[in-house]
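Structure record follows, encoded as structure tokens.
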């Protein structure tokens, strides 16, 4: 696995420092699980630190997806994927999708789905 620090001064209420970044193919393996956990929209989802890899499938399921990608290189990749990027999470979200280990406290969200380093998604209870 590739390890990447995702800390970003422009995301002061989101701490994802020293979270391991999954290879894209492994992160994408979690997409069907995320869709199963969240079901169909409508609603608003924050994708944090995945370069927009889950955004399009979630949009097709009826969700409005906002991507916050602290790493500038990966933010460029999210833009290439057509993701709606934001510099920081603002407003209310029905769900957050983030790597396991990301500190998502301070984000106004009803549900939190975390993806572990094996590409498995689980809702934090």
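In the working numbering, the protein residues as written are 1 to 125. For each residue, glycine too, the CB sits at the ideal point set by N, CA and C. Since this is a predicted model, take the numbers as computed values, not measurements.
| Asked | Found |
| --- | --- |
| Rounded straight-line distance, which links the Cα of residue 49 to that of residue 84 | 13 Å |
| Local Cβ density within 10 Å of residue 21, reported as buried at 16 or more and exposed below that | buried |
| Cβ-based neighbour list, residue 62, same chain, cut-off 6 Å, excluding 5 preceding and 5 following | 40, 41, 42 |
| Enclosing beta strand (DSSP E) for residue 112 [first to last residue] | 109-115 |
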